[in-house]
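Visitor: Every letter in the sequence shown is one number past the one before it in the numbering used here, and letter 228, counting from 1, is 374. Every residue gets a Cβ at the ideal spot worked out from N, C-alpha and C, and that includes glycine.
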Amino acid sequence: MTQSQTRTAIVTGSARGIGAATAVRLAADGFAVGVVDLEESATKATVETIEAAGGKALGVGADVSDATAVQNAVDTVAEKLGPPTVLINNAGITKDNLLFKMTENDWDAVMGVHLRGSFLMTKAVQKHMVDAKWGRVVNLSSTSALGNRGQANYSTAKAGLQGFTKTLAIELGKFGVTANCIAPGFIASEMTKATAERLGVDWEEFKSSRAKEIPVQRPGLPEDIANMVSFFANEASGFVSGQVIYVAGGPKA
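(1) Should ASP348 be labelled buried (16 or more other beta-carbon atoms within 10 Å of its own) or exposed?
(2) Nearest to GLU381 by alpha carbon, out of ILE333, PHE321, ALA305 and ARG282?
(3) Can you tell me whether GLN363 is buried or exposed, with buried defined as 16 or more other CB within 10 angstroms of its CB?
(4) Do the CB positions of SER301 and GLY309 come within less than 7 Å of each other?
(5) On the CB-based measure, 16 or more other CB atoms within 10 Å of its CB, does ILE316 come out buried or exposed?
(6) Which of the three DSSP states, helix, strand or coil, is assigned to LYS234?
(7) Apart from the five residues on each side of it in sequence, which residues of its chain come closer than 6 Å, Cβ to Cβ, to GLY207?
(8) Buried or exposed: which applies to LYS304, given that a residue is buried once 16 or more other Cβ atoms fall within 10 Å of its Cβ?
(9) Output needed for LYS226: all residues of its chain with C-beta closer than 7 Å, excluding positions within five of it in sequence on either side, in chain order.
(10) Please report how far the alpha carbon of VAL179 lies from the alpha carbon of GLN217, in whole angstroms.
(11) With C-beta atoms as the reference, is LEU314 less than 7 Å away from ALA325?
(12) Buried or exposed for ILE164, please, with buried defined as at least 16 other CB atoms from any protein chain shown within 10 angstroms of its CB.
(13) By the 10 Å Cβ neighbour count, where 16 or more other Cβ atoms means buried, how is ASP221 classified, buried or exposed?
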């Protein structure tokens, strides 16, 4: 991608972890990147990393479950970086608990960020894609979509994103827009480290025990997911749409 052909991408939840790695990778691929997270201040490190490597980025604060905040964020990115034609719906939270302990707020919060957030972001960005007759949507699901104890809310949201992806592929394909979904397995990140802390398990022991369950015998890294996003966002992936790829070190690890 030459400078004159530079496209703009938005990555939600990109202050850290998978989102940050994805934003950095897309910038290295030549995209200008809107780094979106709940608080603009939290995006500073990701933006600085991109700029230090010669890339172009803009940090924007937005609650993706809030329609007005989403539209304002997309408008800001479009004005300052150019119309966004790549969207990575990565923002997510966990509110884990067994079903009988899970509160309505726990359920609604997770659905709000993962499902409502992805819906609002995609709805706001798709106009730019349709106008450009080119676009890429990548949604982040999880192996938890297959079911996971203590995650009725998260598993449901991540499974829902797979259906959302397939519908987007059908509706937007004729406009030159592809939609695909990545379902990560165990990724060594701030989110999984927080899970280990919540469970009272040493982080290194937690990673080691999880790695034993993975065919490739190692935890995933945020960069492993960013590599897959890079493929889906590439010009060369235009005939791949509506797919769910499990990036998990095995068939469904």
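Guide: In short:
(1) exposed
(2) ARG282
(3) exposed
(4) no
(5) exposed
(6) Sequence inspection shows Ile at residue 234; the Lys mentioned does not correspond to that position. Note: ILE234 maps to strand in three-state DSSP.
(7) GLU185 and GLU186
(8) buried
(9) LEU204
(10) 17 Å
(11) yes
(12) buried
(13) exposed
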